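> Residue numbers (full-length UniProt numbering): 1 to 446. All C-beta atoms in this analysis are idealised placements derived from N, C-alpha and C, irrespective of residue type, glycine included. None of these values were measured; they are calculated from a predicted model. Following this message is one structure expressed as structure tokens.
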Amino acid sequence: MVGLLSWNYLGLGTSAKRRAAHILVKKHRIDVLCLLETKVTTVDESIINAVWGRYNRSLEFITAEGLLGGIIVVWRTDSFCANFFIRSCDGVLSMKGNICEGKKDCLVPAVYAYTNPAPRNNLWHQIEIDLGSSTLPWCLIGDFNEVLVPEERINAGRSLSTSSTGMRALSRFVETCNLIEFPLHGQKFIWSNSTCMSRIDRAFANPHWFSIFPSINLSGFCHGLSDHCPILLSCAETNWGPRPFRVLDCWWYSPNFFKLVTDFWQASSLRSPAITSALKDLKNKLRHWNSTSFGNVEEKVLEIESQIDKLESLKEARLLADPEVSQAKSFCEQLVKFHRMQECLWQKKSRVQWCNLAILEAPFEIDEITSAVWACKGSKSSGPDGMNFNFIKKVWRIMSSMLPKGINSSFVSLIPKVDGASSLKYFRPISLVSCLSKITVKIISC
1 MVGLLSWNYL GLGTSAKRRA AHILVKKHRI DVLCLLETKV TTVDESIINA
51 VWGRYNRSLE FITAEGLLGG IIVVWRTDSF CANFFIRSCD GVLSMKGNIC
101 EGKKDCLVPA VYAYTNPAPR NNLWHQIEID LGSSTLPWCL IGDFNEVLVP
151 EERINAGRSL STSSTGMRAL SRFVETCNLI EFPLHGQKFI WSNSTCMSRI
201 DRAFANPHWF SIFPSINLSG FCHGLSDHCP ILLSCAETNW GPRPFRVLDC
251 WWYSPNFFKL VTDFWQASSL RSPAITSALK DLKNKLRHWN STSFGNVEEK
301 VLEIESQIDK LESLKEARLL ADPEVSQAKS FCEQLVKFHR MQECLWQKKS
351 RVQWCNLAIL EAPFEIDEIT SAVWACKGSK SSGPDGMNFN FIKKVWRIMS
401 SMLPKGINSS FVSLIPKVDG ASSLKYFRPI SLVSCLSKIT VKIISC
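Have a look at this one:
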């Protein structure tokens, strides 16, 4: 999984809130979305479609009691395969399943704790019963409605005794379940209301979870239309720098491509006659066009296939009208075009001759090694070990089965490239390889 997002959104009744959640899902490539305090008594397709989209998702939920509570969990079916659910006192929805990329079983409980201390303590106790003894990796994320230390709350208006009791109960629960808290980045406080602030949304995991995700981070973002900031658990990804520009062959299938290039080139030739400058500007233009107008080919294929399925279902129930027949034909033509685009994309990404992989991964055979040795000139100057290949060839039958494991180790000598060299950049490294190391190089280069 890449991202696990939890957000107490104080109701999903307005389209603006649903749209804001949808933007977060797309921006951060969320795999599992936990929406808390939804305040909806019925969860229909329109809500989920507005928040997540129509495709590649599944969901489970706990409805609100009037305007109190409510949890919706949506996940990508190609990232997480849920097969069992646990509901703890209507305040926790736990998913048991496996992470598709590694087929590893785990538990992901989403929590919305009660504001009343008594039922909140009962919730901690119920989670201990349901999950505390589990040997699976599990991560608990959501709104706990309590802090662990007084410094996590400012101007909250609670009495000292009430706060201390709630903090002790939460601390005892964390200790009993052997949970480790994720340090929060980006925000100090998650909930705010006028002058009051506190950190009541958080995430914990048991030690087994960290064996799967050793480099996972918890980040907080702007609260937007809610009084709670969304929190995101995500794997730390390597920053490879800016993505290089690549021309995609599937662009030729777009009717707008050649018009775009023609119009740009005519305008560019008037501004500057230099072709290098024009190509640089065209690259930026094509990059923008690919991300905004050309779009995601995979999503378009799924959308067209869905439209075709709907027409096929209608066809089974009745005869299609002429406009519907024309529409079905148009969808099929579009599907063929987009499948060709997909094929071009995969051809561009795949530079490997897969049929040769078995040969490349096979261990070296003794005949290959012997051929490499005999291909080396025997009387060339010897290495630091004093041996040349005439000697190796003469005694090869004796020593061929005893090549040392440290064959790739060697000394490096720095040869100055200029007189008076005083910095490393003015030296050329020369590897003082032995004749055995030359065998390895020869085998690889053959």
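Can you tell me the Cα-Cα spacing of Trp-354 and Lys-310, whole angstroms?
The pLDDT assigned to Trp-354 is 48, lower than 50, so where the model puts this residue is not dependable; a value taken from the coordinates is nonetheless given after this. Distance between the alpha carbons of Trp-354 and Lys-310 is about 38 Å.
> Taking just the CA atoms, how far does Asn-98 sit from Trp-138?
When rounded, the distance between both Cα atoms is 11 Å.
> Do you know offhand how far Glu-45's Cα is from Tyr-9's?
Near 18 Å, if we compare the C-alpha coordinates of Tyr-9 and Glu-45.
> With C-beta atoms as the reference, is Phe-85 less than 7 Å away from Leu-140?
Result no, Cβ atoms of Phe-85 and Leu-140 do not sit closer than 7 Å.
> Quick one, which of Leu-319, Gly-3, Val-108 and Ile-200 has its alpha-carbon nearest Glu-152's?
Nearest C-alpha to Glu-152: Ile-200.
> Is the separation between the beta-carbon of Asn-121 and that of Ala-169 shorter than 7 Å?
Yes, these two residues count as a Cβ contact at 7 Å.
> Could you say which of Lys-393, Leu-107 and Gly-70 lies nearest to Leu-131 if we only look at CA atoms?
With distances taken between Cα atoms, Leu-131 lies closest to Leu-107.
> For Ser-417, which three-state DSSP category applies?
For clarity, residue 417 is Lys in the given sequence; the question names Ser instead. Three-state DSSP puts Lys-417 in coil, outside helix and strand.
> Determine the closest residue to Gly-53 out of Trp-191, Leu-184, Arg-19 and Ser-330, with distance taken between C-alpha atoms.
Selected option, being the one with the closest Cα: Arg-19.
> Judging by CA-CA distance, which residue of Phe-338, Leu-414 and Phe-221 is the nearest neighbour of Tyr-253?
For Tyr-253, the nearest C-alpha among the options comes from Phe-338.
> Alpha carbon to alpha carbon, what distance is there between Cys-332 and Pro-323?
About 14 Å.
> How big is the Cα-Cα spacing for Leu-335 and Trp-374?
Roughly 57 Å separates the two Cα atoms.
> Going along the chain, which residues of its own chain have a beta-carbon closer than 8 Å to the beta-carbon of Lys-417, five neighbours each way excluded?
Same-chain partners within the cutoff: Tyr-426, Phe-427 and Arg-428.
> Counting along the chain, where does the alpha helix (DSSP H) carrying Lys-315 start and finish?
Segment 297-317, the alpha helix (DSSP H) holding Lys-315.
> State the Cα-Cα distance for the pair Trp-209 and Gln-342, rounded to the nearest angstrom.
Their Cα atoms are separated by approximately 36 Å.
> For the putative contact between Pro-207 and Ile-180, defined by C-beta atoms under 8 Å, what is the C-beta separation to the nearest angstrom?
Contact flag correct, Cβ pair sits at about 7 Å.
> Let's see if you can read the secondary structure: which residues bound the beta strand (DSSP E) around Leu-4?
3-8 is the extent of the beta strand (DSSP E) around Leu-4.
> For Ser-94, which of Tyr-114, Ile-127, Ala-274 and Gln-307 has the nearest alpha-carbon?
The option with the nearest alpha carbon to Ser-94 is Ile-127.
> Have a look at the DSSP bridge pairing and note the partners of Leu-233.
According to DSSP, Leu-233 bridges with Leu-4 and Leu-218.
> Does Gly-69 come out as helix, strand or coil in the three-state DSSP assignment?
Note: Gly-69 maps to coil in three-state DSSP.
> When the distance is taken between beta carbons, is Ala-64 closer than 7 Å to Thr-41?
Yes, Cβ-Cβ distance for Thr-41 and Ala-64 is below 7 Å.
> Just checking my contact of Lys-39 with Gly-70 at CB under 8 Å: how many whole Å lie between their CB atoms?
Between Gly-70 and Lys-39 the Cβ distance is about 6 Å, and since that is below 8 Å, they are a contact.
> Go to Phe-80, then tell me how far its beta strand (DSSP E) extends in each direction, as first and last residue.
Taken as a continuous stretch (DSSP letters only), the beta strand (DSSP E) holding Phe-80 covers 80-88.
> Can you pull the DSSP bridge partners for Cys-196?
According to DSSP, which records beta bridges pairwise, Cys-196 is partnered with Asn-193.
> Quick one: what does DSSP say Ile-30 is sitting in, helix, strand or coil?
Three-state result, Ile-30: coil.
> For residue 466, does the count of other Cβ atoms within 10 angstroms reach 16, so buried, or fall short, so exposed?
A query on residue 466 cannot be resolved here, the shown segment of the chain reaching from 1 to 446 and no further.
> Please report the residue range of the alpha helix (DSSP H) in which Phe-144 lies.
No alpha helix (DSSP H) holds Phe-144; DSSP gives it neither H nor E.
> Can you tell me which residues form a DSSP beta bridge with Glu-181?
DSSP output for Glu-181 lists Phe-204 as bridge partner(s).
> What is the C-beta distance between Leu-36 and Trp-7, in whole angstroms, given that I count them as a contact (C-beta under 8 Å)?
Going by Cβ atoms, the distance from Leu-36 to Trp-7 rounds to 7 Å, so yes, they are a contact pair.
> Cutting at 7 Å between CB atoms, please list the residues of its own chain near Thr-176, excluding the five before and the five after it.
Correct list, in chain order: Glu-128 and Gly-132.
> Using the rule of at least 16 other Cβ atoms within 10 Å of the residue's Cβ for burial, across every protein chain shown, is His-185 buried or exposed?
His-185 should be labelled exposed.
> When you compare only the Cα positions, how much space is there between His-22 and Lys-259?
About 33 Å.
> On the three-state DSSP scale, how would you describe Glu-365?
The answer is coil: DSSP assigns Glu-365 none of H, G, I, E or B.
> Which stretch, first to last residue, makes up the beta strand (DSSP E) that contains Ser-94?
Segment 92-99, the beta strand (DSSP E) holding Ser-94.
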